[in-house]
Every structure is written in C-alpha cells, then in structure tokens.
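Everything below concerns the one structure shown next.
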Amino acid sequence: GQRFQLKDGLIIEFDSNGKIATMIRNNQSISISNEFRLFHGADIGRHSGAYIFRPSEQKTFPVTEKMEATLYVDQKFGIVQEVHQQFDSFVGQIIRLDKQGDYVEFDFVVGPIPVDDLIGKEIITRYSTNLANDETFFTDSNGRQMLRRRWNYRPSWKYEIEEPVSGNYYPVNSRIAIRDDRKSLQMTIMTDRSQGGSLSPEQINGSVDLMVHRRLLHDDYFGVDEPLNEPGVDGHGLVIRGRHLLLLDTLEKAAEKHRPLAQEMFMEPIISFTSSM
Amino acid sequence: EMNITRLREAMGVMQHHDAVTGTEKQHVAFNYAKMLDSAMQQCRHVISESYRKLFPTQTKEQHEFCPYLNISSCPSTEMGESRTIHLYNPLGHRLVNRTIRVPVKDGYYYQVRDQNDHSIPAVLISIPEFVRKIPGRKSVATKELVFRVPIIESLGIRRFHMIATKEKQQDSAVEIQGEKFVGHK
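For the protein sequence lines, the chains are A and B, in the order given. First residue of the first sequence: 1, per my numbering; consecutive thereafter. First residue of the second sequence: 278, per my numbering; consecutive thereafter.
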C-alpha cells in the first residue's frame, strides 16, 4: 500500500498500484501516468482501414481495469531495475530504468486484439504529464528536422475540423515530443518503428498518444479491398512487441540526447553466437 | 557481393509506397517478409565469413543468429550450452554501457566472461508470462541473462563467453527475485 521509487540519475516513482506516477530529474519533478486505451473502428460509412484512421467516436476507452505488478531490483550490481505490469487483458508491459541511461524504457506486448464483439479496435498508449505545452507538439519527419504541430491548426490554410481526432494525428517515424517553456523541460518519446501519434483528445495539454496496434474488420474502400486484420500464427490475430524510450530533459539538452539515441535504437549491435570458446 | 545485393534489391522493393505505409494486401505483406528474411540470411552468411577472415585462428564455425530475440527466444543460447557471444557495433560512434539480454532456460547456472577471461557481473531475470505466451513462440527460455557491456567502439567487435554449468560457481549470475503485488485501476 505504499509508493516506491526506482532511482538513479533519473527517479521514477510508482503508486501503490504499480503504476508510474512521478519522474524526477535534476531536482525537477513532473507527474506522469501511462495507460493503454483504445478507439473503436467505425462500422458504418467510411471505415478505419489500412489508409485511414476513422474511429466511430471521437474518444478513447480504457483497455483494461486490473493489473498485477512485479518489481525486480538488482541490489548487487544495479544492472536491472524493472516493473512487470501484467494487465487482465491482452496487454503486458515492462518498465525499465537503466542505471547508465537517461531514459525510461517501456517494453510492451499487445494482442491478439479481441474482436468477438465484431468491433475493430485501435490501441494507443498514453503518456500524461503536467507539462504545459500550449497545444503544440513536435514530430520528426523521417530523419529530417523536428516539425512543430499544433492542435486543430495548419500553418498555410484555415483548417476546418471535421474529424477532431484523426485530423490531428501525424506520422511518427522515430520520435514525438512536447515542450514546457516555463519549466524549460522537454519530454521526448522515441519509437522503435513508425507509428501514428498526437496529443490526447481528452487532454490536449501535457499528454501524448501513440498508436501501437490496430485490428479492423472492414475495408476502407481506398483500394486494398481487405480489412486490416492480419491473422497471426494461430489465426487469432497479430501480437506485437514494441519499445518506447521516454526522455525528460531541459530544452537545451533534449536534442543532444534524442539524436544519438535514435541512431542507437535503429542500428543496434548485431549479436551472433558460436559454440567454440 | 551477390549476397549483399539480395538485401539491396529487397530494400529497393520495400521503397514502394505500399511497403512504406503498410497499405499492401496481406499476401503481398507475407511476400515482402519472405523476401527480406531470405536476403537477411544471405547477409548473415557474409557477417559470418567476415568473422572468419578477421579471426582466422579462433573460429571456423558458422555464426548463429537469433531473429526471434525480439520475443526473448534464441535456440542458440537457451539449450543449456555454453556459447561465445559476438557483438558488432554498426554505428560510427562508440556505444557505452549497453545492456545485453540473452534468453536462457532454467536448471543451469551461468557465468559471463570477457575476452581476457575476467568475470563480468550478470543477473538472471524472469521472462514475464505475457511474453512467454506470445502465440507461435516456441521456446524453452524462461529467464534472461542480463549483463552490461562497458564500451563497444565504433564499428568495433566485442566478444563474451557465456558458460553454462550444472553446479553453482562463485561468480554465477544471481537470480533476481520479483516482489509481487496486485493493483487495481
């Protein structure tokens, strides 16, 4: 029934339920939470599919209610500090803190997404903080510069909002970030593959959503002519395992950290084995 | 040259807009995966040959690669046998304090030693059930052997020995016990 901390240069505090609650870096503290939520795919009209993201409602639903958490701390060498979060659904996650790293790692397994209710689902992971980002966020542009995105806004024309959620989703090839100028802090989330990302429709300030998995039951009529419903090895749907690295740093230092880290994520050491010693 | 060209060509095909965005039909997606996998196998052969050229006195064996390490599965390391682990850093900058995770099975003790036979601190940690139960994962690994590599120079190679024994040794990896508690939303 007590909070506990994983601590090194970066401190993460978990609440009594095993959920991440606070991050402290350089004596600056922010409140943070992480949860998996889902959109329901539209089942009438133009559906969500391979080409488009069109949820039936402009809001998310929680994926899961209950969670069992296990804490692993290596007291002797400090190599391992992690919390395994097993949800009572099709989602599981490991949160790791590396003694030598400046980031928190989220290693998640999602799927197979159940569709017994005949509703397609698009799963997001949400990182909510108390950062004030003035309704703006930044996404990379396939290895070029970070582009500034603003909620319900386009820089070169007057934007009329017809689809409030998908109209604010952008491609995230390697990272998405929000900045708080008053606190002089930037939260950057590095992805291990291209995903869709945005601010959270339910909390435009301080919160980032990344879509990690989708399973849909209708074609979107843009030419693929089949729903986005990969069967997986057992025919029950695809399971994904992915990784996000969350960096929290000052505005001045953020780019210095996330640029080499992106290279390290995309070009990991090549590991091979031989039996001779 | 031909072995590398297979992957170059496959990557060329993957620049088609359907492959970039994932808007290809499912049978095309399967074919893309097959094409990439076969090209990657050819490149693994090239890497193996390179090691043999660089270290001609040390190994004549083909290197084994583990494409299922992403689901904590690796037949090379999880059968309770000792292995040499080779790490190649493809980056133009050095990697510092890299954590390496190798799937292993229960019932053995493991030591990690560097090229100079110095013991490297290592720990064992459980692979969570939600990873072990991933459909299609055919693995006997229930734990990961975790150790830290202090430095791998740019374009550099580091090698470590993973020694599996039936009896506990003084420097065997310590198993980390989890502290479990149930939470509610």
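All residues carry an ideal CB built from backbone N, CA and C; glycine is no exception.
If you drop the 5 nearest sequence neighbours on each side, which residues of the same chain put their C-beta closer than 8 Å to that of residue i?
i	result
A:K183	Q28, I30, L131, A132
B:H340	R321, I324, S325, Y328, H363
A:G232	G111, P112, L238, V239
A:H236	P112
B:H370	S431
A:E57	F39, H40
B:A306	G299
Determine the chain B residues that contact residue i at a beta-carbon separation under 7 Å, and present them in chain order.
i	result
A:V109	F407, V408, I411
A:D98	T376
A:I300	As shown, chain A starts at 1 and ends at 277. That puts residue 300 of chain A outside it, with no answer to give.
A:Y72	I402, I453, G455
A:I94	P405
Please return the same chain residues whose Cβ sits closer than 6 Å to the Cβ of residue i, not counting the five positions on each side in sequence.
i	result
A:L10	R25
A:I94	E82, H84, D107
A:P171	none
B:I440	S359, Q388
A:R96	E82, E105
B:R414	I348, S350
Show which residues of chain B have a CB atom less than 9 Å away from the CB atom of residue i.
i	result
A:E13	The contacting residues do not exist; A:E13 stays about 15 Å from chain B at best.
A:F273	H340, E341, F342, C343, C351, S353, T354, R360, T361, I362, H363, V379, M439
Mind pulling the chain B residues with CB within less than 8 Å of residue i?
i	result
A:F39	Near A:F39 there are no residues of chain B at all, since even the closest Cβ is about 17 Å away, more than 8 Å.
A:S33	In chain order: nothing, as chain B lies at least about 11 Å away.
Consider the Cβ of residue i: report whether some Cβ of chain D lies at a distance smaller than 8 Å.
i	result
A:R241	Among the protein chains of the structure shown, namely A and B, there is no chain D.
Starting from the C-beta of residue i, find all residues in its chain whose C-beta is less than 7 Å away, skip the five residues before and the five after it, and write them out in chain order.
i	result
B:D383	T419, K420
B:P398	F424
B:K462	Residue placement at B:K462 is poorly supported in this model, since its pLDDT is 46, which falls under 50; the coordinates still yield a value, given next. So no residue of the chain qualifies.
A:A50	D220, V224, L228
B:Q446	Y386, Q388
B:N374	R425, P427
B:I402	K420, E421, V423, I453
Which chain A residues sit within Cβ distance under 7 Å of residue i?
i	result
B:R425	I79
B:N347	R241
Using a cut-off of 8 Å between C-beta atoms, extract the partners of residue i located in chain A.
i	result
B:P398	K76, F77, I79
Note down, in chain order, every chain A residue with its Cβ under 9 Å from the Cβ of residue i.
i	result
B:I428	Residues of chain A passing the Cβ test: none, with the nearest at roughly 11 Å.
Discussion item. By the 7 Å beta-carbon criterion, what residues does the segment 219–237 of chain A contribute toward chain B?
Written reply: Residues of the segment 219–237 of chain A whose Cβ lies closer than 7 Å to any Cβ of chain B, in chain order: V224, E226, E230, G232, V233, D234, H236.
Item to complete: Ignoring anything shorter than 3 residues or poking outside the segment 138–214 of chain A, list the beta strand (DSSP E) runs there in chain order.
Response: You should have 147–150, 170–172, 175–180, 185–191, 195–200.
Worksheet item: Is the number of C-beta pairs between the segment 246–261 of chain A and the segment 114–122 of chain A that are closer than 8 Å three or more?
Response: Between the segment 246–261 of chain A and the segment 114–122 of chain A there are fewer than three C-beta pairs closer than 8 Å, too few to call the two in contact.
Worksheet item: Can you find at least 3 beta carbon pairs, one from the segment 204–211 of chain A and one from the segment 86–100 of chain A, that sit closer than 8 Å?
Response: At 8 Å Cβ cutoff, the stretches do not touch.
Practice prompt. Can you give me, in chain order, the residues of the segment 360–386 of chain B that have a beta carbon less than 9 Å from any beta carbon in chain A?
Written response: Per Cβ criterion, the list reads R360, T361, I362, H363, L364, Y365, N366, P367, L368, G369, H370, L372, V373, N374, R375, T376, I377, V379.
Fill in: Interface positions of the segment 75–88 of chain A facing chain B (Cβ-Cβ less than 7 Å), listed along the chain
Within the segment 75–88 of chain A, the qualifying residues are K76, F77, I79, V80, H84, Q86.
Worksheet item: Do the segment 374–394 of chain B and the segment 330–337 of chain B meet, that is, are 3 or more Cβ pairs less than 8 Å apart?
Response: Note that the segment 374–394 of chain B does not touch the segment 330–337 of chain B; fewer than 3 beta-carbon pairs, one per stretch, sit closer than 8 Å.
Worksheet item: Where are the beta strand (DSSP E) runs, 3 residues long or more, that stay fully inside the segment 72–150 of chain A, in chain order?
Response: List check, beta strand (DSSP E) in window: 81–87, 91–97, 103–110, 121–129, 136–139, 147–150.
Worksheet item: If you measure beta-carbon to beta-carbon, which residues of the segment 175–209 of chain A are closer than 8 Å to chain B?
Response: Hits within the stretch: zero.
Worksheet item: Does the pairing of the segment 135–143 of chain A with the segment 169–184 of chain A give three or more beta-carbon distances under 8 Å?
Response: With the cut-off at 8 Å, the segment 135–143 of chain A and the segment 169–184 of chain A touch.
Practice prompt. Could you tell me whether the segment 162–169 of chain A touches the segment 193–203 of chain A, where touching means 3 or more Cβ pairs closer than 8 Å?
Written response: With the cut-off at 8 Å, the segment 162–169 of chain A and the segment 193–203 of chain A touch.
Worksheet item: Mind listing which residues of the segment 283–313 of chain B have their C-beta closer than 7 Å to chain A's C-betas, in chain order?
Response: Residues of the segment 283–313 of chain B with a C-beta less than 7 Å from any C-beta of chain A: G299, T300, K302, Q303, listed in chain order.
Discussion item. Any C-beta of chain B within less than 8 Å: which residues of the segment 131–154 of chain A qualify?
Written reply: Of all residues in the segment 131–154 of chain A, none has a Cβ within less than 8 Å of some Cβ in chain B.
Discussion item. I want to know whether the segment 41–48 of chain A touches the segment 59–69 of chain A - three or more CB-CB distances under 8 Å.
Written reply: In short, these stretches do not touch, since the Cβ pair count stays below three.
Worksheet entry | Residue ranges of each alpha helix (DSSP H) within the segment 207–262 of chain A, 4 or longer | Runs of the alpha helix (DSSP H) inside the segment 207–262 of chain A: none found.
Worksheet item: Listed from N- to C-terminal order along the chain, which residues in the segment 47–62 of chain A have their beta-carbon within a distance smaller than 8 Å of any beta-carbon of chain B?
Response: Going along the segment 47–62 of chain A in chain order, one finds A50, Y51, P62 with a Cβ nearer than 8 Å to chain B.
Discussion item. With three or more beta-carbon pairs closer than 8 Å as the criterion, would you say the segment 307–315 of chain B touches the segment 279–298 of chain B?
Written reply: Flag = yes, the segment 307–315 of chain B and the segment 279–298 of chain B touch.
Discussion item. Suppose only complete runs of 3+ residues qualify. What are the beta strand (DSSP E) ranges in the segment 345–431 of chain B, listed by chain order?
Written reply: 360–365, 372–381, 386–390, 399–403, 420–429, all fully within the segment 345–431 of chain B.
Item to complete: Please list the residues of the segment 247–272 of chain A that have a C-beta atom closer than 9 Å to any C-beta atom in chain B, keeping them in chain order.
Response: Near chain B, meaning a CB-to-CB distance below 9 Å, the residues of the segment 247–272 of chain A are P260, Q263, E264, M267, E268, P269, I270, I271, S272.
Worksheet item: Which residue spans inside the segment 303–334 of chain B form an unbroken alpha helix (DSSP H) run of at least 4?
Response: As for any alpha helix (DSSP H) of minimum length 4 sitting wholly inside the segment 303–334 of chain B, the runs are 303–331, ordered along the chain.
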